[in-house]
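Below is one structure; the comments refer to it alone.
Chains as they are written, first to last, in this note's numbering: chain S, 3 to 367; chain X, 3 to 367.
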């Protein structure tokens, strides 16, 4: 994550992961989520914060989930069920449940299929927010599989040359295991930046950079500027402008619609007039590595490749070359040992919420 | 394709597709490729030119293939064979054959698996150049499937913050059928621009734009400039700079390595010191739409979505909004009727080559 998005040191409060997990699970239960689902939701959120992905951890997401449960826009006790199935494929109806909580079960189905026939691909429709989709890709990587997960949601991104928004930020993720190196976990919005980064930039007082947002007539804004109010901009696809490859960001966003929305028999966001509350359509895939090649060879080659990337000579002005998942892995080690930094404003929200629900206060360090 | 890459009108010669296909197949046979394979190779190349994708059609590619066959770097009679297989997965050894010719057979295997169990994913190693990978994704779309194909090849792209190149341009493609609208065909290098575009820019005298290439120390070049000589630059990932999302282009390139190189049990380009002649590792996937949802619903929704995109209000200075595959579909209709424009310098190469091989001259319009 760019420095500009990080919580300023003077505003941060350190929280131990266990304490955060317990409080989040308790809050989920207070809005009607059964205990095991509440624990799963807390686990995904805190795992995301442990990896340093603040945009999709508790700070940005939990309050919107709580609000959605309170307003009846999320179903706390969904009837997750398979609507179509074959040995390598399935489509699941999430019945309005939170995707973040149901993702593990859906990826589990893809992994079962991969174990049986080599590959499993499962689409899920009618779910609430998914959180960081890379979390689900990683579930497969932990079981010696390659995992992928993407989600189509919202409609705030303008296609190349367009004056009207048509796509969500539609992130794509892939995870793969190594032996000594950190597992690869690539998880990226197909827009120039994740939607949540704009909220995060507003909270930490950071500017937006050229090529991230457009005017309301679709013209890319090519200068740095403070965050505008919601409704005063659209987001641009990865690439920003046609010359810099925005048609590729646009194409990847469309790929996510095809795999998630279309294959699950759903409408894409642009056809349902999507706002923030719209349900999402997602895609989960698992590849059993040993169905393709020797697992040990795979892991050895992963180690060699990742070491080579990590040891690549950096360009002037940079300390080192990363691979996707490396800095998040390092953040996880650090935060497990020293706590998760939350913005003091987030702590205030926790205090208000635990007070409202008559729960014990969140423990901080 | 950006205007800057198009053949200038005064330099173009129109060639009928049938004539081009016949001459290309005859040339392939002269370098040792059996008739049916030669026809398949000609078919893929000409289909690519018909769609207006000059970078991967006869102009840029055929001469390098001929050269590679002549120098023994391509096997004209490869023993394509499956090395590992399960109901939804397989890995294929291409035995040094041209990927462009073998891709149909490999995608065919993925499609067979998809018909049987819902999804098929096949990796192929040890092949020569694949041409435009979207061609193979489209084979699945024609059979009411979603098709994907990607290829890992070469090592001329610098990762984000790196001073040394580690990846090929590693394109990813997806194709999906509609009913009345043109099928979606997205096919894009995960680098800022395709490698072949640099050769094309040199031939048509176009400048390279900011964010496309780097200095030899990895620093992104952020001004427009003429094409440099090979060896005087590296290519940048999609995004160009970290701020504009080059870590995402880098991540997509790595995804292609994992699906193609690692899953097929091969080494990525960065571990084999890849040059232009290096064999490539590819990934083919087919999703049987009816294994996930109702096929008619899928196609109707595709039509609605693509019409909505096509009719989206354009931003100032633009005529219309495209979707991936639309302008290529229009080019195909036009070129089937009026011929394929080739640069006069390419016609000269054909004349030299048919003369060398004692073949009839390429017929032009």
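Where is the CB? At the ideal position from N, CA and C, for every residue including glycine. None of the values given here were measured: they were computed from a predicted structure.
Residue-level contact to chain S via CB, residue i, 9 angstroms cutoff
| i | result |
| --- | --- |
| residue 299 (chain X) | yes |
| residue 130 (chain X) | no |
| residue 326 (chain X) | yes |
| residue 170 (chain X) | no |
| residue 70 (chain X) | no |
| residue 84 (chain X) | no |
| residue 111 (chain X) | no |
| residue 296 (chain X) | yes |
| residue 250 (chain X) | yes |
| residue 268 (chain X) | yes |
| residue 278 (chain X) | Any reading at residue 278 (chain X) needs caution, since the residue's pLDDT is 46, under 50, leaving its predicted position unreliable; the model's value is listed next. So, not an interface residue. |
| residue 30 (chain X) | no |
| residue 166 (chain X) | yes |
| residue 330 (chain X) | no |
Any C-beta of chain X under 9 angstroms from that of residue i
| i | result |
| --- | --- |
| residue 361 (chain S) | no |
| residue 188 (chain S) | yes |
| residue 160 (chain S) | yes |
| residue 88 (chain S) | yes |
| residue 194 (chain S) | yes |
| residue 203 (chain S) | no |
| residue 333 (chain S) | no |
| residue 140 (chain S) | no |
| residue 290 (chain S) | yes |
| residue 96 (chain S) | no |
| residue 322 (chain S) | yes |
| residue 212 (chain S) | yes |
Proximity to residue i [Cα-Cα], best of the options
| i | options | result |
| --- | --- | --- |
| residue 110 (chain X) | X:75, X:295 and X:151 | X:151 |
| residue 264 (chain X) | X:15, X:282 and X:251 | X:282 |
| residue 196 (chain X) | S:250, S:231 and S:73 | S:250 |
| residue 106 (chain S) | S:157, S:294, S:41 and S:166 | S:41 |
| residue 341 (chain X) | X:9, X:16 and X:11 | X:16 |
| residue 327 (chain X) | X:306, X:203 and X:183 | X:183 |
| residue 232 (chain X) | X:199, X:257, X:346 and X:47 | X:199 |
| residue 261 (chain S) | X:254, X:237, X:288 and X:256 | X:288 |
| residue 147 (chain X) | X:74, X:114, X:132 and X:308 | X:114 |
| residue 166 (chain S) | X:132, X:212, X:310 and X:144 | X:310 |
| residue 203 (chain X) | X:139, X:141, X:348 and X:229 | X:229 |
| residue 188 (chain S) | X:178, X:272, X:254 and X:75 | X:254 |
| residue 79 (chain X) | X:33, X:25 and X:252 | X:33 |
| residue 221 (chain X) | X:242, X:211 and X:207 | X:242 |
| residue 192 (chain X) | X:73, X:257 and X:210 | X:257 |
| residue 39 (chain S) | S:350, S:190, S:267 and S:102 | S:102 |
| residue 161 (chain X) | X:194, X:299, X:85 and X:64 | X:194 |
| residue 244 (chain X) | S:350, S:66, S:323 and S:143 | S:323 |
| residue 86 (chain S) | X:357, X:291 and X:316 | X:291 |
Counted within 10 angstroms of its Cβ, other Cβ atoms place residue i as buried (16 or more) or exposed
| i | result |
| --- | --- |
| residue 95 (chain X) | buried |
| residue 335 (chain X) | exposed |
| residue 246 (chain X) | buried |
| residue 134 (chain S) | buried |
| residue 296 (chain S) | exposed |
| residue 330 (chain X) | buried |
| residue 354 (chain X) | exposed |
| residue 53 (chain S) | buried |
| residue 128 (chain S) | buried |
| residue 62 (chain S) | buried |
| residue 278 (chain S) | Confidence at residue 278 (chain S) is low in this model, with a pLDDT of 46, below 50, so its placement is unreliable and no value can be given for it. |
| residue 360 (chain X) | exposed |
| residue 339 (chain S) | exposed |
| residue 272 (chain X) | buried |
CB-CB length for residue i against residue j, believed under 8 angstroms
| i | j | result |
| --- | --- | --- |
| residue 168 (chain X) | residue 314 (chain S) | 6 angstroms |
| residue 293 (chain X) | residue 120 (chain X) | 3 angstroms |
| residue 154 (chain S) | residue 170 (chain S) | 6 angstroms |
| residue 92 (chain X) | residue 124 (chain X) | 5 angstroms |
| residue 9 (chain S) | residue 343 (chain S) | 6 angstroms |
| residue 205 (chain X) | residue 347 (chain X) | 7 angstroms |
| residue 364 (chain S) | residue 141 (chain S) | Incorrect: roughly 27 angstroms between the Cβ atoms, too far for contact. |
| residue 238 (chain X) | residue 213 (chain X) | 6 angstroms |
Residue i: CB within 8 angstroms of a non-hydrogen atom of the ligand SAH
| i | result |
| --- | --- |
| residue 206 (chain S) | No copy of the ligand SAH occurs in the structure displayed, which carries no ligand at all. |
Just to confirm the assignment: which complete beta strand (DSSP E) runs, minimum length 3, are found wholly within the segment 140-198 of chain X?
Within the segment 140-198 of chain X, the beta strand (DSSP E) runs of at least 3 residues that lie entirely inside it are, in chain order, 147-154, 174-178 and 186-190.
Every unbroken beta strand (DSSP E) within the segment 311-348 of chain S, with a cutoff of 3 residues, ordered by chain:
Counting only runs that start and end inside the segment 311-348 of chain S, the beta strand (DSSP E) elements of at least 3 residues fall at 342-345.
If we require 3 or more residues per run, which beta strand (DSSP E) segments fall completely within the segment 37-76 of chain S?
none
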